[in-house]
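Throughout, my numbering is defined as the position within the sequence shown, counted from one, plus 1033. Below is one structure, written out as structure tokens; the observations come after it.
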Amino acid sequence: MTRFVDVQNMIRWVAARGPETIVAEMVEYLADDFRRWEEFDKTPRVASHTPFGVIELMPTADHDSYAFKYVNGHPSNPMRGFQTVTAFGVLADVHNGYPTFMSEMTVLTALRTAATSAMVAKKLARTDSRHLALVGTGSQSEFQALAFRGVLGIEKLTVWDTDPAAMEKFVRNMRPLGFDITLAESAMAAVRGADIITTCTADKTKATILTADMVEAGVHINAIGGDCPGKTELEAAILQRGSVFVEFEPQTRIEGEIQQLPVGFPVTEFWRVLSGQAAGRVARDQVTIFDSVGFAVEDFSALRFVRDSVDGTEFFAEIDLVANPANPKDLFGLMGVLAPTG
């Protein structure tokens, strides 16, 4: 039997544990896996692009477990009553190939994206950072706010979005949770004086959400909206001003902000910072940029964390996913089909 966390159990689990607690604990799983980055089988995600959006498979494996996530990105979906992103994921035993754990990953991806952002900022942002600017208040924004408070202690938020209703939704969700929120009149106003800037917009275009003149010395930029070819958020000059950190360089070259720059432009894979093989922030006035596109190892960590967290609880079911005949060579016999007589 395969353990399965469906949407309702995911929601019940998050409500029981609390999203800030989940993100903080997930950071530890992410950090553990990033430190052993070299043990993973890594490949850029497999993407199928259409005029409507993209559908992707994100696989990875270590010596014991294989994982993949199915995920879509359809920016026009909300106008048609659908989510921009939906996902599910699977863990399997590499020794026999059997799937052992399956989960919804629409909610879980939001949690793991926020946890990854906070994990990186904890190493790259100034240690006295207290002010987060959010440019884009879509589905990911609340998770980002909770992650940065839970992991870095940030409660002061300045937000801006081209959609006033999205900003109102953000305030409605976050102000009751104790955040100090300012609504800005522009992206430039939102990022003024911020210690950390998160850009999280969804349009599948080469956009310029942030320009170099808007970036102050010492800021950490968490660029998470760009995640496919032809989709960016930052002016290229910003990347040339600071130190750029990525997840898996071959994938980020295709999908990240650095797709705007020559192949030889220097970047640092973040796992090297966690493992002590590369420097992170080295000066107070240094501009650091996390050019994040999301990578399969993060989904591996998230699935592993949920699997362990729900063990012994009521937040999962068991599903009969794999045909398992008593005689492994007699799959036909499992069906109980009798040959015709007479």
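Backbone N, C-alpha and C define an ideal beta-carbon position, used for all residues, glycine too. Bear in mind that the values here come from a model prediction, so they are computed numbers and not experimental data.
Check                                                                                                                                                                           : Outcome
List the residues that DSSP assigns as beta-bridge partners of residue 1302.                                                                                                    : 1279
What does residue 1132 pair with, by DSSP beta-bridge criteria?                                                                                                                 : 1125
Any idea which residues DSSP pairs residue 1094 with across the strands?                                                                                                        : 1074 and 1099
Residues in the same chain with beta-carbon distance under 7 Å from residue 1177, minus the five sequence neighbours each way, listed in chain order, please.                   : 1147, 1150, 1167, 1231 and 1233
Excluding the five sequence neighbours on either side, which residues of its own chain have a C-beta within less than 8 Å of the C-beta of residue 1056, listed in chain order? : 1144, 1147, 1148, 1151, 1176, 1179, 1180, 1183 and 1184
Between the alpha carbons of residue 1397 and residue 1226, how many angstroms are there, rounded?                                                                              : Beyond the ends of the chain as shown, which are 1034 and 1375, falls residue 1397; an answer cannot be given.
What residue does the beta strand (DSSP E) around residue 1351 start on, and which one ends it?                                                                                 : 1350 to 1352
Pair every Cβ in the segment 1038 to 1052 with every Cβ in the segment 1068 to 1077, then say whether three or more of these pairs are closer than 8 Å.                         : no
Return the CA-CA distance between residue 1367 and residue 1354, expressed in angstroms with no decimal places.                                                                 : 14 Å
For the beta strand (DSSP E) that residue 1242 lies in, which residues bound it at each end?                                                                                    : 1239 to 1243
Could you spell out the range, first to last residue, of the alpha helix (DSSP H) harbouring residue 1036?                                                                      : Unbroken run through residue 1036 is the beta strand (DSSP E), 1035 to 1038; no alpha helix (DSSP H).
Measuring CA to CA, which of 1329, 1258 and 1295 is closest to residue 1280?                                                                                                    : 1329
So if DSSP puts residue 1325 in a beta bridge, which residue, or which two residues, is it bridged to?                                                                          : Its beta-bridge partners do not exist; DSSP assigns none.
In terms of residue numbering, what span does the beta strand (DSSP E) encompassing residue 1081 cover?                                                                         : 1079 to 1083
For residue 1040, which residues of its own chain have a beta-carbon under 6 Å away from its beta-carbon, when the five flanking residues on both sides are left out?           : 1137
Please identify the residue among 1222, 1096, 1084 and 1087 whose C-alpha is closest to the C-alpha of residue 1075.                                                            : 1096
Can you tell which of 1201, 1326, 1121 and 1164 has the C-alpha that lies nearest to the C-alpha of residue 1223?                                                               : 1164
Along the beta strand (DSSP E) that carries residue 1065, what are the first and last residues, could you check?                                                                : No beta strand (DSSP E) contains residue 1065, which is instead part of the alpha helix (DSSP H) from 1052 to 1068.
Would you grab the beta carbon distance between residue 1044 and residue 1140 for me? Rounded to a whole angstrom, and I think it's under 8 Å.                                  : 7 Å
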